[in-house]
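Student: Residue numbers (our numbering), protein chains in the order written: chain G, 8 to 381; chain L, 3 to 370. C-beta: ideal position from N, C-alpha, C; glycine also. Okay, here's the structure, questions in a sec.
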């Protein structure tokens, strides 16, 4: 026990002696949490529109006003020349062209139907789909309102039965994107700091030649591993606490679940991730190699974790791969416990997956280290 | 000049001798591109849904099969009572619950209106919103077909055209983004430790007493990596074209030149980090932890920049990958040329020049 305390002291001294590291460990993650959580939103607002209103009638003008009032669209460009609108889209200045043909109002009154043209920049297909859905909704609402002004008699409800769809969004009725992203980004920051640091740790001693000194000490392997992991484990939990405070005070993220549960699960998760970092550290030769490998795994874990894009959208084989992804489990846990108030019973499968991961990665690290030191 | 050439050759050897790192450098980007290119989608489909149907009559059954037949939904449970729905969401079994009211068909026939309640798990607001839109649209379309007569009155008929990507493939969006992400990080990471490593291992003194000027040392350090990165980007672009079928509508030459510019930018950012840090550890933490998330989130790679608050759109201007993405997507997907892209190009060139000048200055200060 005393040896572990000594190693702990030494490792902490080493971390904190490097002045440049302090802001990286404590300031950078918090700034990132603040900035990136604000940025990470799929919400589609203020889509810049080029308007070609060839009709100019009050009906057409009111339609345009509807588009603008929705908050989803902003007309930034007005023209009568489709080629000019085209150019604006090529340049990337507008994402949608709304063209109202001449005779729009007249056709609507006379035939009951009139077209409008929507041309969307679909480079980002998903966003284009959402924009189109918004546009359709606005057109639909407007049509219904026109019905009242244009039509003489209201239709008989029984001839045209309607399905009355009412909805409620649970856990996040205002569809606040921050609630969703902040816990996820917090997970990443805690993970990155811990894993990168531990991945570089042993290999750094190898590169600098200090590993020999450690190998000739009477230090037991178990104590060595614990001594190497514990400082980062503590650091990462401190990061988590700072992040949770920011999440609560700045983003007002609801924390319905038990915070003790959050810490306990984070503790298990971190053992796994730090073990993984340490394992990388034992079989690489240079800090550069260790960093590249850690980066590679991290990017794979992050992009396939369901943080940014839903796991359900992935093809089947990729969904199976996410079963091996600790970040995916942990993000799921954080979101469920914090936002939905899930208890331990609800996250048990995820918990056991994390335990399995922690046992595997630490075992690998310990075995690999033994090979290095003999 | 011959000292400089010798130095560059030496740097080349350094890189080529380290087989393991080289393997990592070439292998990783390829695996990442292939993996993500196939796996990352932001379309919403196969959403798991629980259907609560106390009525169980022919109308609700018809509606249910209509919903489940669509590619958006995948039924997980069909029940007749509404208890325990909280559990469904808390255990993540489904993202949506659809509740039909009791005596559904009867209500529809006699009152002309019947109620469907849609509950979504809105912890993910985007998915919640999208699946609600799908559900409403599907139910309403189904409802129309229940009507005896066609709906009366007015119609504004939207004629929609999806430009540049008519089938709405997300590959078109993500592959260029991955190119930017991979290049930025691999390049910055490679050079960020070049000078710190010399400082840490004590070989810096040797460099300092050599007749090389600071500018030469820096260019000499960047050059080999520039070639290496160019090789990496060629592999990536070929994969994008052949495996993922991302179109190349603009000029290939221009694309390669722009890639070269972006590589130079990322490499010089790495060098700048390298001149400012003392240990490899610090350098790598800055280039990894500091660049990874901003490049993913603030470049327009995944999240649309238009919807961000104005302040953050301002911040995104400082992210080199943002400009590169506009360029790559412009050339590959829109088929535009220099006439439309000169501003973005100029900004990237300006950033590169800034990073280089700042590195040289930082470096010469240390010489004294």
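Under the three-state reduction of DSSP, which class applies to residue 43 of chain G: helix, strand or coil?
Tutor: It is helical.
Student: What separation, rounded to the nearest whole angstrom, lies between the Cα atoms of residue 309 of chain G and residue 127 of chain G?
Tutor: Distance between the alpha carbons of residue 309 of chain G and residue 127 of chain G: 30 Å.
Student: Would you please verify whether the beta carbon of residue 370 of chain L is less than 8 Å from any beta carbon of chain G?
Tutor: Bear in mind that a pLDDT of 42 at residue 370 of chain L, under 50, signals an unreliable position, so the number given afterwards is only what the model happens to contain. No, because no Cβ of chain G sits closer than 8 Å to the Cβ of residue 370 of chain L.
Student: By DSSP, does residue 370 of chain L sit in helix, in strand, or in coil?
Tutor: Reliability fails at residue 370 of chain L, whose pLDDT of 42 lies under 50, so the model's placement of it is uncertain and the value that follows must be treated cautiously. DSSP places residue 370 of chain L in coil when its eight states are reduced to three.
Student: When Cβ atoms are compared, which residues of the stretch 23 to 43 of chain G fall closer than 7 Å to chain A?
Tutor: Protein chains in the displayed structure are G and L, and chain A is not among them.
Student: Tell me, please, whether the stretch 195 to 212 of chain G touches the stretch 240 to 254 of chain G by the rule of three or more beta-carbon pairs shorter than 8 Å.
Tutor: Flag = yes, the stretch 195 to 212 of chain G and the stretch 240 to 254 of chain G touch.
Student: Can you list the beta strand (DSSP E) stretches of 3 or more residues lying completely in the stretch 224 to 273 of chain L, in chain order?
Tutor: Complete beta strand (DSSP E) runs here, min 3: none at all.
Student: Thinking residue 98 of chain L and residue 118 of chain L are a contact (beta carbons under 8 Å), I'd like their distance in whole angstroms, please.
Tutor: Going by Cβ atoms, the distance from residue 98 of chain L to residue 118 of chain L rounds to 12 Å, so no, they are not a contact pair.
Student: Using the Cα positions of residue 210 of chain G and residue 175 of chain L, report the straight-line distance between them to the nearest angstrom.
Tutor: Residue 210 of chain G and residue 175 of chain L: Cα-Cα distance of roughly 38 Å.
Student: Which value, in whole angstroms, describes the spacing of the CA atoms of residue 6 of chain L and residue 219 of chain L?
Tutor: Cα-Cα distance, rounded: 8 Å.
Student: With 8 Å as the C-beta to C-beta threshold (strictly closer), list the residues of the stretch 262 to 292 of chain L near chain G in chain order.
Tutor: Correct list: 279, 280, 281, 282, 283, 284, 286, 287, 288, 290, 291 and 292.
Student: By Cβ distance, which residues of its chain are closer than 7 Å to residue 201 of chain L, with the 5 residues on each side in sequence left out?
Tutor: Excluding residues within five positions, the ones whose Cβ falls inside 7 Å are 280.
Student: Per DSSP, residue 177 of chain G forms a beta bridge with which residues?
Tutor: Paired residues: L:123.
Student: Any C-beta of chain G sitting closer than 8 Å to the C-beta of residue 59 of chain L?
Tutor: No, no contact with chain G.
Student: Any idea which residues DSSP pairs residue 124 of chain G with across the strands?
Tutor: G:106 and L:161.
Student: Just by C-beta distance, which residues in the stretch 109 to 133 of chain G are closer than 8 Å to chain L?
Tutor: Per Cβ criterion, the list reads 115, 119, 120, 121, 122, 123, 124, 125, 126, 127, 128, 129, 130, 131, 132 and 133.
Student: Exposed or buried, residue 320 of chain G, counting other C-beta atoms within 10 Å across all chains shown (16 or more means buried)?
Tutor: Buried, by the Cβ-count rule.
Student: For residue 108 of chain L, I'd like the list of residues in its chain whose CB is within less than 7 Å of its CB, leaving aside the five on either flank, ordered along the chain.
Tutor: Correct list: empty, nothing qualifies.
Student: Unbroken alpha helix (DSSP H) runs of length 4 or more, entirely within the stretch 312 to 340 of chain L: which are they?
Tutor: Listed in chain order, the complete alpha helix (DSSP H) runs (minimum 4 residues) inside the stretch 312 to 340 of chain L are 312 to 318 and 322 to 331.
Student: Does any C-beta atom of chain G lie closer than 8 Å to the C-beta of residue 85 of chain L?
Tutor: For residue 85 of chain L, the answer is no, since every Cβ of chain G falls outside 8 Å of its Cβ.
Student: Taking the beta strand (DSSP E) that residue 316 of chain G belongs to, which residues open and close that run?
Tutor: Note, residue 316 of chain G: premise wrong, no beta strand (DSSP E); not H, not E.
Student: Note down the Cα distance separating residue 291 of chain G from residue 297 of chain G, rounded to an integer number of angstroms.
Tutor: Approximately 6 Å, taken between the alpha carbons.
Student: In chain G, which residues lie with their C-beta within 7 Å of the C-beta of residue 48 of chain L?
Tutor: Under the 7 Å cutoff, chain G gives 319.
Student: Identify the contact partners of residue 102 of chain G in chain L, using a Cβ-Cβ distance below 8 Å as the criterion.
Tutor: In chain order: 308.
Student: Would residue 315 of chain G pass as a contact of residue 158 of chain L if the rule is Cβ separation under 8 Å?
Tutor: No; because the gap between Cβ atoms is not below 8 Å, this pair is not in contact.
Student: Can you give me the C-alpha to C-alpha distance between residue 118 of chain G and residue 156 of chain G, rounded to a whole angstrom?
Tutor: Residue 118 of chain G and residue 156 of chain G: Cα-Cα distance of roughly 15 Å.
Student: Return the first residue and the last residue of the beta strand (DSSP E) that residue 84 of chain G is part of.
Tutor: Unbroken beta strand (DSSP E) run through residue 84 of chain G: 80 to 85.
Student: Write down the C-beta distance between residue 84 of chain G and residue 58 of chain G rounded to the nearest angstrom, noting that I regard them as a contact closer than 8 Å.
Tutor: Yes, they are in contact, since the Cβ atoms of residue 84 of chain G and residue 58 of chain G sit about 7 Å apart, within 8 Å.
Student: To the nearest angstrom, how far is the alpha carbon of residue 196 of chain L from that of residue 363 of chain G?
Tutor: Whole-angstrom Cα-Cα distance: 38 Å.
Student: Could you list the residues in the stretch 167 to 180 of chain G with a C-beta less than 9 Å from some C-beta on chain L, going in chain order?
Tutor: If the cut-off is 9 Å between Cβ atoms, the stretch 167 to 180 of chain G has 167, 168, 169, 170, 171, 172, 173, 174, 175, 176, 177, 178, 179 and 180 near chain L.
Student: List the residues of chain L that residue 339 of chain G touches, going by C-beta distances under 8 Å, in chain order.
Tutor: Near residue 339 of chain G (Cβ distances below 8 Å), the residues of chain L are 94.
Student: Please list, in chain order, all residues of the same chain as residue 333 of chain L whose beta carbon is under 8 Å from its beta carbon, the five residues on each side excluded.
Tutor: Closer than 8 Å at the Cβ level, and outside the excluded window around residue 333 of chain L, lie 250, 251, 252, 253, 256, 257, 260, 339 and 343.
Student: Taking residue 58 of chain G as part of the beta strand (DSSP E), name the residues at either end of that continuous run.
Tutor: It spans 54 to 60 - the beta strand (DSSP E) in which residue 58 of chain G sits, taken as one unbroken run.
Student: Is there at least one non-hydrogen atom of the ligand GTP closer than 7 Å to the beta-carbon of residue 365 of chain G?
Tutor: Among the components modelled here there is no ligand, and therefore nothing to report on the ligand GTP.
Student: Going by beta-carbon coordinates alone, are residue 288 of chain L and residue 189 of chain L separated by less than 8 Å?
Tutor: No, the pair does not count as a contact, with Cβ atoms beyond the cut-off.
Student: Considering residue 303 of chain L, what are the terminal residues of the alpha helix (DSSP H) in which it resides?
Tutor: Premise fails: residue 303 of chain L is in no alpha helix (DSSP H) and is neither H nor E.
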